[in-house]
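Report on the structure given below.
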Amino acid sequence: MRWVRWCIVIFLGIAGSAEGQSAAAGLYVEGNQLYRAGDFSSARLRYEAAVRTGIRDPRLFYNLANATYKTGELGLAIVLYERALRLAPRDEDILANLRFLRRLKRDRDPEPASGLGGFIERVYLWPTSNELAVGWLLSLLGLFGSAGWRRWRQMPVLHTAVAVGLLLCLSIGGFTLSRSQRDGRVEVVVTHAEGIARSGPDAQQTEVFVIHEGTKLVVERSEGDWYLARLPSGLGGWLPASVLTEI
């Protein structure tokens, strides 16, 4: 009766998931009430407990980021807004609060590209990886549909359509791969007052630069308790993992 055991496992999984969602919803509501009452520390504890249930919701991370900022942790609040943004990339509230906190941190971010370069960058970053994957799949289906139509040989215009479709599929496929690689990067934020980047993974190595709370970096590799991380400007160095939090 193997199928019976599988049914029981599936049922328990669904029930457990529903129970976890119910618990998270209750904690989220309690957190909202405490936040409105001005008890930011208690609200933060409720939101953190909701996150520990395994729920990944942009509003939950957004509210937790708000409470974390109110309790004086700028760097960790930026981490949480970044996590919320990954789940809701075009949410204006998340974007606005993230811009606000970036202005408060000590280290300045590079100015965004302007002109044609800025336009191309915005176009590149606008669609999510999932949207690109769906677009590539639809293009592929359209290409096969056109190529498989039995009368296509009698219609020269379809030859051009198939060629254009193939080019479109290759372009979107390459674009999707590029974005997937970019989105798969490990990004971290400094969540201590400052971090000292060194020339090697050891506290005795030469100091390269100093960065401060809230600064975001991309991790290239790790060695022990050290990360080789790089700033948007391209400057890189080894930082202790203890001063960083992964987004």
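Under numbering that gives the first Met the number 0, the first residue of the sequence shown is numbered 0, with each subsequent residue one higher.
The beta-carbon is built from N, C-alpha and C at its ideal position, and this holds for glycine as well.
- DSSP places E219 in the uninterrupted beta strand (DSSP E) bounded by K215 to E222.
- In the three-state reduction of the DSSP assignment, I246 falls in the coil class.
- With 16 or more neighbouring CB atoms inside 10 Å of its own CB, A66 falls in the buried class.
- If you draw a 10 Å sphere on the C-beta of T190, you find 16 or more other C-beta atoms in it, and that means buried.
- L73 and E212 do touch by the CB rule: their CB atoms are close to 5 Å apart, below 8 Å.
- I195 carries a strand assignment under DSSP once its states are collapsed to helix, strand and coil.
- Around G235, the same chain offers R229 as residues with beta carbons nearer than 6 Å, after the five sequence neighbours per side are excluded.
- Taking a 10 Å sphere around the C-beta of A192, we find fewer than 16 other C-beta atoms and assign the residue as exposed.
- Nearest to L75 by alpha-carbon distance, out of P200, V207, F60 and R107, is F60.
- Here R43 has L63, A66, T67 and T70 as same chain residues with Cβ atoms under 7 Å from its own Cβ, once five neighbours each way along the sequence are excluded.
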